[in-house]
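Enquirer: The opening residue of the sequence shown carries number 1 in full-length UniProt numbering; numbering runs sequentially from there. Ideal placement from N, C-alpha and C gives every residue a C-beta, glycine not left out. Sharing a structure, written as structure tokens. Questions coming.
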Amino acid sequence: MKNETQSLPMVALRGMTIMPEMVVHFDISRNQSIAAVQEAMVEDQKIFLITQRDAEDEKPKQEDLFEVGTVGTIKQIVKLPRHIVRVLVAGEGRGVLQSIEYEEPYMRARVVVIDDSEITIPEDLNGEAMERSLKDMFVDFAAKNGKMSKESVAQILEVQGLIKLVDEVAANTPLPYKDLQEILNETDFWKRYETLAFKLVNEVQIMDIKEQIQIKVKERVDKHQKEYILREQLKLIREELGDDTTLSDADEFEKAAKSLKASREVKEKLTKEIGRFKNSLNSPAETGVIRTYIETLLEMPWDKAAKDSRDIEYARKVLAEDHYGLEQVKERVLEFLAVRSLTKKGESPILCLVGPPGTGKTSIAKSLARALKKPYVRISLGGIRDEAEIRGHRKTYVGAMPGRVADAMKTAGVKNPVMLLDEIDKVSKDYKGDTFSALLEVLDSEQNSKFRDHYLELPLDLSEVLFITTANTLQTIPRPLLDRMEVIEISSYTENEKMHIAVEHLIPKQIQKHGLKPEQLSFSKQAIWKMARNYTKEAGVRQLERKIADICRKATKEILTTKKKKVIITEKNIHKYLGKEKYTYKMANPVDEVGIVRGLAWTSVGGDTLQIEVNVMPGKGEIMLTGKLGDVMKESARTGISYIRSVSEQYQIAQDFLEKHDIHVHIPEGAVPKDGPSAGITMATAMLSAITGYKVRADLAMTGEVTLRGRVLPVGGLKEKLLAAKNAGIKTVLVPGKNQADVEELSSEITKGLEILPVENMDEVLKSALITEE
Numbered sequence: 001m002k003n004e005t006q007s008l009p010m011v012a013l014r015g016m017t018i019m020p021e022m023v024v025h026f027d028i029s030r031n032q033s034i035a036a037v038q039e040a041m042v043e044d045q046k047i048f049l050i051t052q053r054d055a056e057d058e059k060p061k062q063e064d065l066f067e068v069g070t071v072g073t074i075k076q077i078v079k080l081p082r083h084i085v086r087v088l089v090a091g092e093g094r095g096v097l098q099s100i101e102y103e104e105p106y107m108r109a110r111v112v113v114i115d116d117s118e119i120t121i122p123e124d125l126n127g128e129a130m131e132r133s134l135k136d137m138f139v140d141f142a143a144k145n146g147k148m149s150k151e152s153v154a155q156i157l158e159v160q161g162l163i164k165l166v167d168e169v170a171a172n173t174p175l176p177y178k179d180l181q182e183i184l185n186e187t188d189f190w191k192r193y194e195t196l197a198f199k200l201v202n203e204v205q206i207m208d209i210k211e212q213i214q215i216k217v218k219e220r221v222d223k224h225q226k227e228y229i230l231r232e233q234l235k236l237i238r239e240e241l242g243d244d245t246t247l248s249d250a251d252e253f254e255k256a257a258k259s260l261k262a263s264r265e266v267k268e269k270l271t272k273e274i275g276r277f278k279n280s281l282n283s284p285a286e287t288g289v290i291r292t293y294i295e296t297l298l299e300m301p302w303d304k305a306a307k308d309s310r311d312i313e314y315a316r317k318v319l320a321e322d323h324y325g326l327e328q329v330k331e332r333v334l335e336f337l338a339v340r341s342l343t344k345k346g347e348s349p350i351l352c353l354v355g356p357p358g359t360g361k362t363s364i365a366k367s368l369a370r371a372l373k374k375p376y377v378r379i380s381l382g383g384i385r386d387e388a389e390i391r392g393h394r395k396t397y398v399g400a401m402p403g404r405v406a407d408a409m410k411t412a413g414v415k416n417p418v419m420l421l422d423e424i425d426k427v428s429k430d431y432k433g434d435t436f437s438a439l440l441e442v443l444d445s446e447q448n449s450k451f452r453d454h455y456l457e458l459p460l461d462l463s464e465v466l467f468i469t470t471a472n473t474l475q476t477i478p479r480p481l482l483d484r485m486e487v488i489e490i491s492s493y494t495e496n497e498k499m500h501i502a503v504e505h506l507i508p509k510q511i512q513k514h515g516l517k518p519e520q521l522s523f524s525k526q527a528i529w530k531m532a533r534n535y536t537k538e539a540g541v542r543q544l545e546r547k548i549a550d551i552c553r554k555a556t557k558e559i560l561t562t563k564k565k566k567v568i569i570t571e572k573n574i575h576k577y578l579g580k581e582k583y584t585y586k587m588a589n590p591v592d593e594v595g596i597v598r599g600l601a602w603t604s605v606g607g608d609t610l611q612i613e614v615n616v617m618p619g620k621g622e623i624m625l626t627g628k629l630g631d632v633m634k635e636s637a638r639t640g641i642s643y644i645r646s647v648s649e650q651y652q653i654a655q656d657f658l659e660k661h662d663i664h665v666h667i668p669e670g671a672v673p674k675d676g677p678s679a680g681i682t683m684a685t686a687m688l689s690a691i692t693g694y695k696v697r698a699d700l701a702m703t704g705e706v707t708l709r710g711r712v713l714p715v716g717g718l719k720e721k722l723l724a725a726k727n728a729g730i731k732t733v734l735v736p737g738k739n740q741a742d743v744e745e746l747s748s749e750i751t752k753g754l755e756i757l758p759v760e761n762m763d764e765v766l767k768s769a770l771i772t773e774e
């Protein structure tokens with residue numbers, strides 16, 4: 001066999017293989033390929049066609065191409081729109097790529113052209129057998145494939161000579177291009193014959209298996225179609241006979257009713273409804289309503305209860321793991337468990353957790369359920385104004401359904417779950433009924449053992465449900481409903497508590513949520529303090545969690561973009577992640593001044609300090625109040641003036657002083673509404689200071705209501721107010737004497753560093769606050 005080396009323009013083909021004896025057209029768009037075709041036309045129309053290993057490769061190198069291609073002759077070139085050229089090529093022989101001479105402006109390759117003309121085929125019976133066998137395999141393939149015309153098959157069967165037959169069969173068989181490339185790669189003729197025969201037999205077997213699968217699928221579809229038709233016919237026959245599948249459903253309902261754990265009253269009701277169900281064959285609408293009702297009754301946990309957990313230590317451990325602080329709530333739950341352990345029963349308490357947003361009221365209910373090993377269900381009451389949402393709809397209404405309480409019991413699957421009634425203070429009422437009144441029966445331990453849902457029409461025992469309700473304020477809850485609940489106040493978190501919560505709960509949660517590992521991100525204690533003090537202003541920890549999440553997002557981005565192994569958040573670099581500080585505390589004034597007193601206030605996001613300023617000017621005895629004060633604060637100011645008038649001789653104030661002078665009381669941040677009774681003694685002290693000229697201690701703050709006779713009345717929100725004083729750098733705080741019990745309940749963490757002086761009247765207040773010259 002004599003092989004010749006030639007230098008030919010080359011086109012790299014994508015997703016196709018051209019065989020010898022194959023006449024085919026293909027489209028090219030790459031500049032290299034178009035230039036190679038044009039050069040071939042200039043020369044002798046010969047071109048070398050080789051297939052890329054990766055069809056997506058735009059500029060293939062020699063190693064990106066198969067070794068064997070086809071030398072062909074270009075028969076026709078047609079230019080198409082969008083820089084596309086269609087080329088008609090006739091494959092002539094194999095060529096082995098030796099090297100690429102150059103790639104620009106077109107690819108030119110040195111190719112060893114394989115000469116098959118000197119291959120000798122034995123003229124014995126073996127050669128004839130191979131030829132006939134290949135033709136038989138090709139006929140089988142063409143018959144199974146079904147895409148080849150009879151004319152082309154007949155034309156190939158007329159081919160004489162094994163070498164030409166192999167090339168013609170390979171060229172005209174619609175095989176995948178990678179299979180064709182395997183055949184093309186075989187420069188040895190006998191191996192080429194074996195490869196082609198194997199591919200043909202393999203394809204025939206694949207098509208046989210595919211045909212068998214299609215037959216089975218068709219049989220299965222036909223079977224389902226037949227079953228559907230028979231069922232429809234059977235249904236029609238039963239309807240004609242007055243019978244229906246309802247009878248089989250009724251039998252199922254009767255079986256379920258017998259095995260249901262329920263009282264005799266419930267079972268009698270079920271039996272009656274199943275009888276109605278059987279007799280409602282002629283009314284599909286009524287059948288659907290009765291079916292839904294029976295299914296609801298069967299799903300209710302009438303006498304099915306979860307086993308009580310009496311493990312106090314386990315409950316203590318769970319509560320400590322899930323929440324930091326909230327000692328009062330935890331203690332109440334442990335007391336309940338202790339009573340249940342001794343009495344084996346004990347009434348389930350109805351707890352109402354009241355406190356600012358973000359303090360963990362809702363999540364504590366989930367922890368209680370885990371501690372008690374009971375199912376947990378939550379009902380959100382915010383905005384509910386239809387009584388039927390609680391008591392259910394009567395069955396006569398279209399789309400009737402049980403109330404939320406009964407539905408929650410069905411979801412829980414037991415009659416003694418932990419049920420959270422969330423946002424009970426946000427329930428409203430309208431012409432559809434008073435929702436608060438509907439809750440009276442649910443939350444009354446004396447009545448709820450026989451709670452009647454309008455849809456169920458049967459008494460539902462709620463006495464074993466552990467109800468937890470949450471509210472932000474008690475102001476909107478009616479007194480009769482509030483009387484049925486045990487109120488536990490959850491106050492604001494101290495900064496130290498926020499730090500513990502962040503370290504133990506929030507930071508690990510957010511690190512995991514953002515796909516980080518604990519060793520990739522860490523926070524210093526000072527950074528957490530700064531976040532709590534200067535980037536959030538809240539009673540709870542929701543904003544703090546958002547800030548931590550914000551840092552986690554930025555840290556994740558930083559780790560991915562800069563390939564850092566660890567990000568450490570400190571007090572000095574926290575501004576890079578959170579920006580400038582959002583909040584600053586109004587610190588105590590550096591010097592004692594006349595007519596300026598620091599008061600303490602409770603807000604929905606914790607405590608705050610109010611600086612009350614008073615000026616006295618010549619005038620006609622008018623009192624000006626500015627700073628967007630509410631009615632209560634205005635009345636406190638007038639009460640303070642009346643008190644000052646009554647003690648004017650004691651402080652050597654001229655009798656006509658108040659008639660000849662105007663008093664202006666102002667509280668800064670005039671755009672913020674302010675109201676409440678606890679600024680009485682503060683305003684009275686500030687006005688007396690301005691009138692007498694005595695300075696007020698700058699490191700002192702006070703809270704309390706004042707009466708006409710100078711008595712100091714107690715106030716609320718003491719914990720938040722003391723925290724605000726401490727954050728502002730105040731050293732001494734005056735509180736009403738009747739609040740002494742509240743002070744004693746506070747932890748040393750809050751009171752440490754503060755001198756808390758109880759005062760009973762204004763004389764004691766003024767003695768501590770004013771600096772009088774001896």
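(1) Please classify Glu-91: does DSSP put it in a helix, a strand, or coil?
(2) What residue from Ala-369, Ala-637, Glu-273 and Leu-482 has the CA that sits closest to Ser-309's CA?
(3) Smallest Cα separation from Leu-722: which of Pro-518, Ser-491 and Asp-592?
(4) If you draw a straight line from the alpha carbon of Phe-336 to that of Glu-423, how long is it in whole angstroms?
(5) Going by C-alpha to C-alpha distance, which of Glu-67, Val-37, Pro-417 and Lys-61 sits closest to Ile-50?
(6) Taking the alpha carbon of Asp-249 as the reference point, which residue from Leu-236, Glu-273 and Tyr-228 has its own alpha carbon closest?
(7) Which of helix, strand or coil does DSSP assign to Ser-437?
(8) Any Cβ of chain B within less than 8 Å of the Cβ of Ala-400?
(9) Can you give me the Cβ contacts of Leu-466 inside the same chain, cut-off strictly under 6 Å, excluding the 5 residues immediately before and after it?
(10) Identify, in the order they occur along the chain, each residue of the same chain with its Cβ nearer than 7 Å to the Cβ of Val-632, setting aside the five sequence neighbours on each side.
(11) So is Gly-399 buried or exposed if we call it buried at 16+ other beta carbons inside 10 Å?
(12) Please name the residue in Glu-389, Phe-253, Thr-362 and Ala-171 whose C-alpha comes closest to that of Met-277.
(13) Report the residue from Phe-657, Ile-528 and Ile-568 whose alpha carbon sits nearest the alpha carbon of Arg-546.
(14) To the nearest angstrom, report how far apart Gly-91 and Asp-115 are at their CA atoms.
(15) Once the 5 residues before and after Arg-53 are set aside, which same chain residues still bring their CB inside 6 Å of it?
(16) Whole-angstrom Cβ separation of Leu-629 and Ile-667, contact assumed at under 8 Å?
(17) Please say whether Thr-682 and Ile-623 have beta carbons closer to each other than 8 Å?
(18) Compare the Cα-Cα distances from Val-89 to each of Asp-311, Ala-684, Leu-260 and Met-10 and report the closest residue.
(19) Suppose you measure from the CA of Glu-21 to the CA of Arg-220; what does that come to, to the nearest Å?
(20) Let me confirm a value: Lys-223 is counted as buried when at least 16 other C-beta atoms fall within 10 Å, else exposed. Which label applies?
(21) Measuring CB to CB, does Val-159 end up less than 8 Å from Glu-151?
(22) Return the first residue and the last residue of the beta strand (DSSP E) that Trp-602 is part of.
(23) DSSP on residue 795, reduced to helix/strand/coil?
(24) DSSP state of Leu-462, grouped into three classes?
(25) Hey, Asp-425 and Ile-488: beta-carbon distance below 8 Å or not?
(26) Suppose only complete runs of 4+ residues qualify. What are the alpha helix (DSSP H) ranges in the region 192 to 223, listed by chain order?
(27) Can you have a look at Asn-739 and say buried or exposed, based on whether 16 or more other CB atoms are within 10 angstroms of its CB?
(28) Specify, as a first and last residue, the run of the beta strand (DSSP E) that Asp-44 falls within.
(29) Relative to the alpha-carbon of Tyr-177, which residue among Asn-202, Ala-320 and Ile-18 has its alpha-carbon at the smallest distance?
(30) Please report the residue range of the alpha helix (DSSP H) in which Gln-155 lies.
(31) Can you list, in chain order, the stretches of the beta strand (DSSP E) that have 3 or more residues and sit fully within the region 733 to 760?
(32) Is DSSP giving Met-762 helix, strand or coil here?
(33) Where do the ends of the beta strand (DSSP E) carrying Asp-662 lie?
(34) For Phe-26, which residues does DSSP report across the bridge?
(35) Indicate the three-state DSSP secondary structure (helix, strand or coil) for Met-1 in the structure shown.
(36) Suppose you measure from the CA of Leu-162 to the CA of Thr-195; what does that come to, to the nearest Å?
Expert: In short:
(1) It should be pointed out that residue 91 corresponds to Gly in this sequence rather than to Glu. DSSP places Gly-91 in strand when its eight states are reduced to three.
(2) Ala-369
(3) Ser-491
(4) 23 Å
(5) Glu-67
(6) Glu-273
(7) helix
(8) Annotation note: the requested chain B is absent from the structure, which comprises a single protein chain.
(9) Ser-348 and Val-418
(10) Asp-675, Gly-676 and Pro-677
(11) exposed
(12) Note on residue identity: the sequence assigns Phe, not Met, to residue 277. Taking only the C-alpha atoms, the option nearest Phe-277 is Phe-253.
(13) Ile-528
(14) 14 Å
(15) Asp-64
(16) 7 Å
(17) no
(18) Met-10
(19) 45 Å
(20) exposed
(21) no
(22) 596 to 603
(23) The displayed coordinates of the chain run from 1 to 774. Any statement about residue 795 would go beyond what the structure contains.
(24) coil
(25) no
(26) none
(27) buried
(28) Note, Asp-44: premise wrong, no beta strand (DSSP E); not H, not E.
(29) Ile-18
(30) 150 to 157
(31) 755 to 759
(32) helix
(33) 661 to 666
(34) Val-87
(35) Only weak support is given to the placement of Met-1: the predicted model assigns it a pLDDT of 45, under 50, and the value that follows is read from those uncertain coordinates. Met-1: coil per DSSP, three-state reduction.
(36) 14 Å
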